[in-house]
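Mapping of the sequence shown onto UniProt numbering: residues 1 to 163, in sequence order. This report concerns only the one structure given below.
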Amino acid sequence: MVERYLKSEKIKYLFWGVITTLVYFLVRFVAMALLNQAMLPVLIAQVVTVLFAFVVNKFFVFADNQSRHVVVQLMRFSAGRLFVAGIDFLLTYIMIERYSDLFIRLLRLNIINFQTFPFGLSWSWLHGWVYDSKSFNAVIAVFVIQVIAIVVNYFISKFMIFD
Numbered sequence: 001m002v003e004r005y006l007k008s009e010k011i012k013y014l015f016w017g018v019i020t021t022l023v024y025f026l027v028r029f030v031a032m033a034l035l036n037q038a039m040l041p042v043l044i045a046q047v048v049t050v051l052f053a054f055v056v057n058k059f060f061v062f063a064d065n066q067s068r069h070v071v072v073q074l075m076r077f078s079a080g081r082l083f084v085a086g087i088d089f090l091l092t093y094i095m096i097e098r099y100s101d102l103f104i105r106l107l108r109l110n111i112i113n114f115q116t117f118p119f120g121l122s123w124s125w126l127h128g129w130v131y132d133s134k135s136f137n138a139v140i141a142v143f144v145i146q147v148i149a150i151v152v153n154y155f156i157s158k159f160m161i162f163d
């Protein structure tokens, strides 16, 4: 029973979704650091992870559900991911570009001492990513957006692409 559960589609999707999310985070945070802005890294990370996600979903997650030709699947997959990328861009604009000060106040990020963040420890690698309330808000926003993206992408993949 445990073996059947571990081989289930949802567990495979979750596993590869976590790997895809890690690829997304790596690409997006590196692009954010190199480009020092919020929107272009979304585009770069989306392109890289859409290609990666299509391959792993086609061959590892939904391998048993192959009623359509690969080109049709790729087109539908890309359209679904474009929809989710639109959500990503919209939420990035709202949470980071336009209303970051609102989210910083709501989450009380403005009271954190970033010299000793987190927990009074000095983690220099972390301070490269989280050095003030705006950067911390951006990191939180990216994580929230990815949770939403994983859920929406599963339903699109399951019911519209690899059915």
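Where a beta carbon is used, it is the ideal one built from N, C-alpha and C, also for glycine. Remember, it's a predicted structure, so these values are computed and weren't measured experimentally.
| query | Under 8 angstroms, do Ile87 and Ala45 count as touching if we go by C-beta distance? | reply | If you number the sequence shown from 1, residue 87 lands on position 87. If you number the sequence shown from 1, residue 45 lands on position 45. Taking 8 angstroms as the Cβ cut-off, Ile87 and Ala45 do not qualify as a contacting pair.
| query | What are the boundary residues of the alpha helix (DSSP H) that includes Glu9? | reply | The count along the sequence shown starts at 1 and reaches residue 9 at position 9. Looking at the DSSP string, the run of the alpha helix (DSSP H) that includes Glu9 is 9-35.
| query | Near Thr49, which residues of its chain fall below 6 angstroms by C-beta distance, leaving aside the five closest residues on each side in sequence? | reply | Translated into positions along the sequence shown, residue 49 becomes position 49. Hits under 6 angstroms: Thr20, Val23, Tyr24.
| task | Mark Phe60 as exposed unless 16 or more other C-beta atoms lie within 10 angstroms of its C-beta, in which case mark it buried. | result | Start at 1 with the first residue of the sequence shown, and residue 60 comes out as number 60. So Phe60 ends up on the exposed side.
| field | Alpha-carbon spacing of residue 175 relative to Leu43, whole angstroms | value | Nothing in the structure corresponds to residue 175, since the chain is present only between 1 and 163.
| said: Using the three-state DSSP reduction, which class does Phe59 fall into: helix, strand or coil? | reply: On the sequence shown, residue 59 is found 59 positions in, with the first residue counted as 1. Phe59: helix per DSSP, three-state reduction.
| Between the C-alpha atoms of Leu14 and Val55, what's the straight-line distance to the nearest angstrom? | Indexing the sequence shown from 1 puts residue 14 at position 14. Indexing the sequence shown from 1 puts residue 55 at position 55. About 15 angstroms.
| First and last residue of the alpha helix (DSSP H) that includes Asn153? | Sequence index remark: in the sequence shown, residue 153 carries index 153 (1-based). Segment 133-156, the alpha helix (DSSP H) holding Asn153.
| query | Thinking just about the alpha-carbon of each residue, which of Val72, Arg81, Phe77, Phe136 is nearest to the one in Asp101? | reply | Position 101 of the sequence shown, counted from the start, is the residue given in the question as residue 101. For the residues Val72, Arg81, Phe77, Phe136, the minimum Cα distance to Asp101 belongs to Phe136.
| message | When you compare the CB positions of Phe162 and Gln73, do they come within less than 8 angstroms of one another, or not? | response | Position 162 of the sequence shown, counted from the start, is the residue given in the question as residue 162. Position 73 of the sequence shown, counted from the start, is the residue given in the question as residue 73. In contact: Phe162 and Gln73 (Cβ atoms closer than 8 angstroms).
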